[in-house]
Amino acid sequence: MNKIIKTIGVFVIVIIKMLGLVSLGWKPITGILILLYLIL
Numbered sequence: 059m060n061k062i063i064k065t066i067g068v069f070v071i072v073i074i075k076m077l078g079l080v081s082l083g084w085k086p087i088t089g090i091l092i093l094l095y096l097i098l
């Protein structure tokens, strides 16, 4: 289960980074997701 959750987390981070190319407001959101990813 943890591997599935982490895989989904990676996809979410990648999508947000792609959106970040359009909007520069993605850095704090990505940081929060990375922290959640490390906790999981």
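According to the numbering used here, the sequence shown is numbered sequentially starting from 59. In this text, a Cβ means the ideal position worked out from N, Cα and C, and glycines have one as well.
{"Check": "C-beta atoms of threonine 88 and isoleucine 74 nearer than 8 Å", "Outcome": "yes"}
{"Check": "As assigned by DSSP and simplified to three states, the class of methionine 59", "Outcome": "coil"}
{"Check": "Whole-number beta carbon distance between leucine 91 and isoleucine 71, since they are thought to touch under 8 Å", "Outcome": "5 Å"}
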